[in-house]
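Participant: In the order they appear, the protein sequences are chains A and B. If you read the first sequence in the working numbering, its first letter stands for residue 1, the second for the next number, and so on. If you read the second sequence in the working numbering, its first letter stands for residue 1001, the second for the next number, and so on. Glycine included, C-beta positions come from ideal geometry on N, C-alpha and C. Pasting in a structure now, in structure tokens, and then I'll have a few things to ask.
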Amino acid sequence: MKSVICLECEAEINLDAGVEKNEIIVCPDCGVDLEIVSLDPLTVDLAPMEEEDWGE
Amino acid sequence: MIRVSILGGSGYTGGELIRLLSFHPQIEIHQVTSRSHLGEYVHQVHPNLRKVNSLKFSDPGQLEPVDLLFLAVPHGEAQKKMDDFAKLAPKVIDLSADFRLQDPVLYEKWYGQMHASPQWLSKFVYGLPEINREAIQHADYVSGVGCNATASILALLPIMQAGLMDDSSPVTIEIKVGSSEGGASVNDGSHHPERSGVIRTFSAFGHRHTAEVVQAFGIQKLWLTMTAVDLVRGALATSHLQLKPGVVMKDLWKAYRAVTQENPFLRLVNEKRGVYRVPEPKVLAGSNYADIGFAYDQENNHLVSICAIDNLMKGASGTAVQCMNLMMGWDEMAGLNFPGLHPI
């Protein structure tokens, strides 16, 4: 199984076999959005997240 | 199966014990005592237990020998009769503050009076598994925990365990607490018109639970500030502390992950999405889980570490049952799997 390390919290994230370039994945630990920017080598980057007025 | 009894079952922690033990796979509840409710059915005081069992409150003077005895009487009572209780059961868990502190001098300092049975203090193990698991597994006598102390200790645990704190700096912990923390008896401040809607700081510093945090970590410059908020259940500890120079975010993720992996009831809550991004007691009502999270001002090495619990569960009866599981060699989570409710 392919995996990547979250750039925010360094959690190991297991990926589905059919993951595609530019797909957005969500870190199960910290909830950040990550974009698959390359499949070979498998590389992710932080994806922009919409700011929310979440707790007010 | 073992037989257990609860001395003092009419209070809130006693009621939670009965609820938890009624569904525990290894437990038969033998007696539940109450002097003020003698002869009444348990569900007439704890209405959520109607149809759960047919127990009636017994006379505390008529306690019979059992395998394990829970003491849920007011602070100061258990220490007067500990010799008698020890004859009734080979294992005792006391939920009060009587045996939490190992040092009689520390007890006298924080409780303002000499301990009635100081010889018993060293026989008890402080009953917070997250810092004392191995000792509890081998103990016959285990103390309860202070709810505010539990939230504070668990907020600090990842940092203390990883050795990331700047020991020369003070620690401040602001704790918001629900009304059930005051127990089942009333006072002027708990009268509904006076208590409802409050955000009331009732102890700026010097609260007795501070002593348990001092005992756990040896922190000398430590202030706990207690603020009553409009909740029935719940405690939220927000701690402020300085970390050693050079600590970065990945060190913190590693430290928090370590304690949540080692402890089945600790959960790391540090989310970038959704509504529940930080620990919040609301979703923990009735649950033995403790949620911990953090935010870090790396420029100033200043950490805000947060812990949320249900004060009656992880802060009292839930942890007591967790200790019983460890003392008996059972699954630590037996009878404690309820994750809380959402929405609530």
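1) Over what stretch of residues does the beta strand (DSSP E) that includes B:Lys1091 continue unbroken?
2) Distance check for A:Leu39 and B:Gly1015, CA to CA, integer angstroms please.
3) Assuming B:Leu1312 contacts B:Thr1013 under a Cβ cut-off of 8 Å, what Cβ separation, rounded to an integer in Å, is found between them?
4) With a cut-off of 8 Å, do at least 3 Cβ pairs link the segment 1068-1088 of chain B to the segment 1111-1122 of chain B?
5) Is it the case that the Cβ atoms of B:Tyr1141 and B:Val1125 are separated by a distance below 8 Å?
6) So which residues of chain A does B:Arg1277 contact, with C-beta pairs closer than 9 Å?
7) Enumerated in chain order, which unbroken segments of the alpha helix (DSSP H) with a length of 4 residues or greater are wholly contained in the segment 1082-1165 of chain B?
8) How big is the Cα-Cα spacing for A:Glu56 and B:Glu1280?
9) With a threshold of 16 other CB atoms inside 10 Å of the CB of B:Trp1120, please say whether the residue is buried or exposed.
10) Contact check, B:Gly1144 vs B:Gly1178 under 8 Å by CB: the rounded distance?
11) Of all the residues that make up the segment 1270-1302 of chain B, which are near chain A by a beta-carbon distance shorter than 7 Å?
12) Starting from B:Met1333, trace the beta strand (DSSP E) in both directions and tell me its first and last residue.
13) Determine the extent of the alpha helix (DSSP H) in which B:Trp1253 is found, giving its start and end residues.
14) Just reading off the alpha helix (DSSP H) that B:Tyr1296 is part of, what are its end residues?
15) So which residues on chain B does A:Glu12 lean against when the C-beta distance must stay under 7 Å?
16) Measuring straight from C-alpha to C-alpha, what distance separates B:His1037 and B:Arg1003?
17) So, helix, strand or coil for A:Cys9, using DSSP?
18) If the cut is a Cβ gap below 7 Å, which residues of chain B does A:Asp1 touch?
19) According to DSSP, what are the bridge partners of A:Cys27?
20) Of the choices B:Met1249, B:His1302, B:Gly1197, B:Leu1154, whose alpha-carbon is the least far from that of B:Asp1291?
21) Does B:Met1001 pass the burial test, meaning 16 or more other C-beta atoms within 10 Å, or should it be called exposed?
22) Contact defined as beta carbons within less than 8 Å: I believe B:Lys1176 pairs with B:Thr1260. What is the distance between those atoms, to the nearest angstrom?
23) May I have a chain-ordered list of the alpha helix (DSSP H) segments no shorter than 4 residues that lie completely inside the segment 1152-1235 of chain B?
24) Specify the secondary structure class of B:Ala1237 as computed by DSSP and reduced to three states.
25) Please determine if the segment 1051-1069 of chain B and the segment 1024-1043 of chain B are in contact, where contact requires at least 3 C-beta pairs separated by less than 8 Å.
26) Which one or two residues does DSSP pair with B:His1037 in a beta bridge?
27) Rounded to the nearest angstrom, what separates B:Gly1315 and B:Gly1146 at their Cα positions?
28) Is B:Lys1272 helix, strand or coil by DSSP?
29) Shortest alpha-carbon distance to B:Ile1344 belongs to which of B:Leu1303, B:Val1229, B:Lys1282?
30) Could you give the distance in angstroms between the alpha-carbon of B:Ser1196 and the alpha-carbon of B:Gly1189?
31) Among residues of its own chain, excluding the 5 on either side of B:Glu1194, which ones have a beta-carbon nearer than 7 Å to its beta-carbon?
32) Are there three or more Cβ pairs, one per stretch, closer than 8 Å when the segment 1319-1335 of chain B is compared with the segment 1158-1167 of chain B?
Facilitator: Reading from the atomic positions:
1) Here residue 1091 of chain B refers to the residue found at position 91 when the second sequence is read from its first residue. Here the beta strand (DSSP E) through B:Lys1091 covers 1091-1094.
2) One-based indexing of the second sequence puts residue 1015 of chain B at position 15. One-based indexing of the first sequence puts residue 39 of chain A at position 39. When rounded, the distance between both Cα atoms is 56 Å.
3) Position 312 of the second sequence, counted from the start, is the residue given in the question as residue 1312 of chain B. Position 13 of the second sequence, counted from the start, is the residue given in the question as residue 1013 of chain B. Contact annotation, B:Leu1312 with B:Thr1013: C-beta distance approximately 6 Å; criterion of less than 8 Å satisfied.
4) Remark: three or more beta-carbon pairs, one from each stretch, lie closer than 8 Å, so the segment 1068-1088 of chain B and the segment 1111-1122 of chain B are flagged as touching.
5) Counted from its first residue, the second sequence places residue 1141 of chain B at position 141. Counted from its first residue, the second sequence places residue 1125 of chain B at position 125. Yes, the Cβ-Cβ distance between B:Tyr1141 and B:Val1125 is below 8 Å.
6) Position 277 of the second sequence, counted from the first residue, corresponds to residue 1277 of chain B. Per Cβ cutoff of 9 Å: Gly31, Trp54, Gly55.
7) The segment 1082-1165 of chain B contains, as complete alpha helix (DSSP H) runs of 4+ residues, the segments 1082-1088, 1104-1111, 1118-1121, 1129-1137, 1147-1162 (chain order).
8) Position 56 of the first sequence, counted from the start, is the residue given in the question as residue 56 of chain A. Position 280 of the second sequence, counted from the start, is the residue given in the question as residue 1280 of chain B. When the Cα atoms are used, A:Glu56 and B:Glu1280 turn out to be separated by approximately 14 Å.
9) Taking the second sequence and counting its residues from 1, the one referred to as residue 1120 of chain B is at position 120. Of the residues assessed, B:Trp1120 falls on the buried side of the cut-off, its CB having 16 or more other CB atoms within 10 angstroms.
10) Within the second sequence, numbered from 1, the residue matching residue 1144 of chain B stands at position 144. Within the second sequence, numbered from 1, the residue matching residue 1178 of chain B stands at position 178. Wrong, their Cβ atoms sit about 18 Å apart, outside the cutoff.
11) For the segment 1270-1302 of chain B, the set of positions with a beta-carbon nearer than 7 Å to some beta-carbon of chain A reads Asn1270, Glu1271, Lys1272, Arg1273, Gly1274, Val1275, Arg1277 in chain order.
12) To locate residue 1333 of chain B, count along the second sequence from 1; it is residue 333. Counting along the chain, B:Met1333 falls outside any beta strand (DSSP E), and DSSP gives it neither H nor E.
13) Position 253 of the second sequence holds residue 1253 of chain B. Going by DSSP, B:Trp1253 is part of the alpha helix (DSSP H) stretching over 1249-1262.
14) Numbered from its first residue, the second sequence carries residue 1296 of chain B at position 296. B:Tyr1296 -> not in any alpha helix (DSSP H); beta strand (DSSP E) instead, spanning 1290-1297.
15) To locate residue 12 of chain A, count along the first sequence from 1; it is residue 12. Under a criterion of Cβ atoms nearer than 7 Å, no residue of chain B is adjacent to A:Glu12; the nearest Cβ is some 11 Å distant.
16) As a first step, residue 1037 of chain B is located in the second sequence; it is residue number 37 there, counting from the start. As a first step, residue 1003 of chain B is located in the second sequence; it is residue number 3 there, counting from the start. Each residue's CA atom was taken as its position, placing B:His1037 and B:Arg1003 some 22 Å apart.
17) Taking the first residue of the first sequence as 1, we reach residue 9 of chain A at position 9. Under the three-state reduction of DSSP output, A:Cys9 falls in the coil class, being neither helix nor strand.
18) The residue given as residue 1 of chain A occupies position 1 in the first sequence. Reading the sequence as shown, one finds Met at residue 1 of chain A and not Asp. Proximity of chain B to A:Met1 at the Cβ level (cut-off 7 Å) is not reached, the minimal Cβ distance being about 20 Å.
19) Locating residue 27 of chain A in the first sequence gives position 27, counting from the first residue. Looking at the DSSP output, A:Cys27 shares a beta bridge with no other residue.
20) As a first step, residue 1291 of chain B must be located in the second sequence, where it is residue number 291. The option with the nearest alpha carbon to B:Asp1291 is B:Leu1154.
21) Position 1 of the second sequence, counted from the first residue, corresponds to residue 1001 of chain B. Exposed is the call here.
22) Within the second sequence, numbered from 1, the residue matching residue 1176 of chain B stands at position 176. Within the second sequence, numbered from 1, the residue matching residue 1260 of chain B stands at position 260. Contact doesn't hold; Cβ gap of about 22 Å is too wide.
23) Taken in chain order, the whole alpha helix (DSSP H) runs of length 4 or more contained in the segment 1152-1235 of chain B are 1192-1195, 1210-1217.
24) Position 237 of the second sequence holds residue 1237 of chain B. B:Ala1237 falls in the strand class under three-state DSSP.
25) Touching, yes.
26) As a first step, residue 1037 of chain B is located in the second sequence; it is residue number 37 there, counting from the start. Bridge partners of B:His1037: none, in fact.
27) The count along the second sequence starts at 1 and reaches residue 1315 of chain B at position 315. The count along the second sequence starts at 1 and reaches residue 1146 of chain B at position 146. Cα to Cα, B:Gly1315 sits roughly 6 Å from B:Gly1146.
28) Against the second sequence, residue 1272 of chain B aligns to sequence position 272. The three-state secondary structure of B:Lys1272, taken from DSSP, is coil.
29) On the second sequence, position 344 is the one that residue 1344 of chain B refers to. Nearest C-alpha to B:Ile1344: B:Lys1282.
30) As a position in the second sequence, residue 1196 of chain B is number 196, starting the count at 1. As a position in the second sequence, residue 1189 of chain B is number 189, starting the count at 1. One C-alpha to the other measures close to 10 Å.
31) The residue you call residue 1194 of chain B lines up with position 194 of the second sequence. Same-chain partners within the cutoff: Asp1188.
32) The answer is no - the segment 1158-1167 of chain B does not touch the segment 1319-1335 of chain B, with fewer than three Cβ pairs under 8 Å.
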